[in-house]
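**Q**
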Amino acid sequence: MIVADDYESMSKRAGEIVIEEMKRKPDIVLGLATGSTPEGLYEELIKAYRQGQIDFSRLKTFNLDEYIGLPPAHSQSYWRFMFEKLFEQVNINYRNIHVPDGMTEDIDGFCKDYEEKIRGAGGIDLQILGIGVNGHIGFNEPGSPSGSRTKKVELTEETIRANSRFFESEDQVPRYAISMGQATIIETKKIILLASGKNKADAIAKAVEGPITEEVPASILQSHPDATVIVDREAGSKLKGRE
Ligand code: GLP
648 MIVADDYESM
658 SKRAGEIVIE
668 EMKRKPDIVL
678 GLATGSTPEG
688 LYEELIKAYR
698 QGQIDFSRLK
708 TFNLDEYIGL
718 PPAHSQSYWR
728 FMFEKLFEQV
738 NINYRNIHVP
748 DGMTEDIDGF
758 CKDYEEKIRG
768 AGGIDLQILG
778 IGVNGHIGFN
788 EPGSPSGSRT
798 KKVELTEETI
808 RANSRFFESE
818 DQVPRYAISM
828 GQATIIETKK
838 IILLASGKNK
848 ADAIAKAVEG
858 PITEEVPASI
868 LQSHPDATVI
878 VDREAGSKLK
888 GRE
């Protein structure tokens, strides 16, 4: 558990860890997250790439989730987010990028194939996670079975409301998504979960200090042997151990 002073230092701390891992293993398999939280981390990676510290040409990436019904070019698709915030700015091989296909006609087949591709790549070495205000990771909403794998999920009203800030109105937010499951996430070798801002303080306190429960999907990380939670002061403000 690392409590950084602010968003910038949270992003820098996370950047240091990811950069070190990328240097150690140039063909690393990264699990990536979207949302506003990891943007600063991606900026750190782009900076390090421009300075010649890291190389993306041999690594593989698997994104956590994607909205169902949004084509990759849609302004709010997670594919587009990743493309703009990271992929187009580094020397990644596009064949090594994997983002769930929100337009697939065979969702179950796609999900099975995604899991097989992760396994075929040797598993995810380092997984980046954000957290929802309700404790979700990826799009695994409260109640999602902890043994679940990549699957179709229905978003909760809370998540739809939280994510509507990126859309013109709430009813434009897709109701369904494809998301790696908790079992997919917990099998990754190393995890970094990032959280910033007051509105994440409850979720962080429950995830880190509460019981391990499917009602708080992020709480399963307590059972992971190598999970680091990096928060800024506001997101860490309700941790009892920190008073
Ligand atoms: C979304 C994503 C999550 C993300 C979360 C928090 O719903 N599916 O992967 O962690 O919301 O987003 P933000 O970082 O913008 O607060």
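Here the sequence shown is numbered in the numbering used here, starting from 648 and rising by one per residue.
The C-beta atom is built at its ideal place from N, Cα and C for all residues, glycine as well.
Only a predicted model underlies this, so the values are computations on that prediction, with no experimental measurement involved.
Evaluate the contact criterion for the segment 717-737 versus the segment 834-852: three or more CB pairs, one atom per stretch, below 8 Å.
**A** Short answer: they don't touch.
**Q** Consider the C-beta atom of alanine 848 and the heavy atoms of the ligand GTP; say whether any pair is separated by less than 6 Å.
**A** You won't find the ligand GTP in this model; what it holds is the ligand GLP.
**Q** Considering only residues of the same chain and omitting the five flanking positions on each side of serine 816, which have a CB-CB separation below 6 Å?
**A** As a first step, residue 816 must be located in the sequence shown, where it is residue number 169. Hits under 6 Å: none found.
**Q** Give every residue of the same chain whose Cβ lies closer than 6 Å to the Cβ of threonine 681, excluding the five residues on either side of it in the sequence, and list them in chain order.
**A** By one-based count along the sequence shown, residue 681 stands at place 34. Cβ within range, chain order: Tyr725, Phe728.
**Q** Could you check whether the Cβ of glycine 779 sits closer than 6 Å to any heavy atom belonging to the ligand GLP?
**A** The sequence position of residue 779 within the sequence shown is 132, counting from 1. Correct: glycine 779 has its Cβ closer than 6 Å to the ligand GLP.
**Q** Relative to the C-alpha of threonine 751, which candidate in Ser791, Ala661, Ala824 has its C-alpha closest?
**A** For this step, residue 751 is matched to residue 104 along the sequence shown. Checked all of Ser791, Ala661, Ala824; the closest Cα to threonine 751 is Ala824.
**Q** Apart from the five residues on each side of it in sequence, which residues of its chain come closer than 8 Å, Cβ to Cβ, to lysine 670?
**A** Within the sequence shown, numbered from 1, the residue matching residue 670 stands at position 23. These residues qualify, in order along the chain: Gln700, Ile701.
**Q** Leaving out five residues on either side along the sequence, give the residues of the same chain with a beta carbon under 7 Å from the beta carbon of valine 855.
**A** Taking the sequence shown and counting its residues from 1, the one referred to as residue 855 is at position 208. Cβ neighbours of valine 855 beyond the five flanking positions: Met648, Val876, Leu886.
**Q** Roughly how many angstroms separate the alpha carbons of glutamate 805 and asparagine 781, rounded to a whole number?
**A** Here the question's residue 805 lines up with position 158 in the sequence shown. Here the question's residue 781 lines up with position 134 in the sequence shown. Cα to Cα, the separation comes out at about 7 Å.
**Q** If you draw a straight line from the C-alpha of glutamate 718 to the C-alpha of glycine 857, how long is it?
**A** What you label residue 718 is simply residue 71 of the sequence shown in a count that begins at 1. What you label residue 857 is simply residue 210 of the sequence shown in a count that begins at 1. In the sequence on display, residue 718 carries proline and not glutamate. Distance between the alpha carbons of proline 718 and glycine 857 is about 38 Å.
**Q** Determine the closest residue to leucine 776 out of Lys847, Leu840, Ile833, with distance taken between C-alpha atoms.
**A** Along the sequence shown, one-based indexing puts residue 776 at 129. Checking every option, the nearest Cα to that of leucine 776 belongs to Leu840.
**Q** Taking Cβ positions, are glycine 844 and glutamate 881 nearer each other than 7 Å?
**A** Translated into the one-based positions of the sequence shown, residue 844 becomes position 197. Translated into the one-based positions of the sequence shown, residue 881 becomes position 234. Yes. Within cutoff.
**Q** Would the beta-carbon of threonine 860 be found less than 6 Å away from any heavy atom of the ligand GLP?
**A** Position 213 of the sequence shown holds residue 860. Result no, Cβ not under 6 Å from the ligand GLP.
**Q** Please confirm whether threonine 797 and glutamate 834 have their CB atoms less than 7 Å apart.
**A** Within the sequence shown, the letter at position 150 stands for residue 797. Within the sequence shown, the letter at position 187 stands for residue 834. Not closer than 7 Å, so no.
**Q** Spatial neighbours of glycine 678 within its chain, please: CB distance less than 6 Å, with the 5 preceding and 5 following residues excluded, ordered by chain position.
**A** Residue 678 sits at position 31 when you count from the first residue of the sequence shown. The residues are Phe709, Ile771, Gln774, Thr835.
**Q** Write down the C-beta distance between alanine 842 and valine 878 rounded to the nearest angstrom, noting that I regard them as a contact closer than 8 Å.
**A** Mapped onto the sequence shown, residue 842 falls at position 195. Mapped onto the sequence shown, residue 878 falls at position 231. Contact holds; Cβ gap of about 5 Å.
**Q** The ligand GLP heavy atoms versus the CB of phenylalanine 728: any closer than 6 Å?
**A** The sequence position of residue 728 within the sequence shown is 81, counting from 1. It does not: the Cβ of phenylalanine 728 is nowhere closer than 6 Å to a heavy atom of the ligand GLP.
**Q** Have a look at Arg808, Glu667, Arg812, Val746 and flag the residue whose alpha-carbon is nearest the alpha-carbon of alanine 720.
**A** As a first step, residue 720 is located in the sequence shown; it is residue number 73 there, counting from the start. The option with the nearest alpha carbon to alanine 720 is Val746.
**Q** Using CA coordinates, which residue listed in Phe730, Ile675, Asp674, Pro685 is at the minimum distance from serine 656?
**A** Walking along the sequence shown from the start, residue 656 turns up at place 9. Checked all of Phe730, Ile675, Asp674, Pro685; the closest Cα to serine 656 is Pro685.
**Q** In or out: isoleucine 715 buried (at least 16 other Cβ within 10 Å) or exposed?
**A** In the sequence shown, counting from the first residue as 1, residue 715 sits at position 68. The residue in question, isoleucine 715, is buried, as its Cβ has 16 or more Cβ neighbours within 10 Å.
**Q** Report the partner residues of leucine 841 according to the DSSP bridge assignment.
**A** Here the question's residue 841 lines up with position 194 in the sequence shown. Paired residues: Ile877.
**Q** Closest to phenylalanine 813 by C-alpha separation, out of Asp753, Gln723, Gly767, Val863, would be which residue?
**A** Within the sequence shown, the letter at position 166 stands for residue 813. That would be Gln723, whose Cα lies nearest to the Cα of phenylalanine 813.
**Q** Can you give the Cα-Cα distance for proline 673 and arginine 705, rounded to whole angstroms?
**A** As a position in the sequence shown, residue 673 is number 26, starting the count at 1. As a position in the sequence shown, residue 705 is number 58, starting the count at 1. Taking the straight line from one Cα to the other gives about 6 Å.
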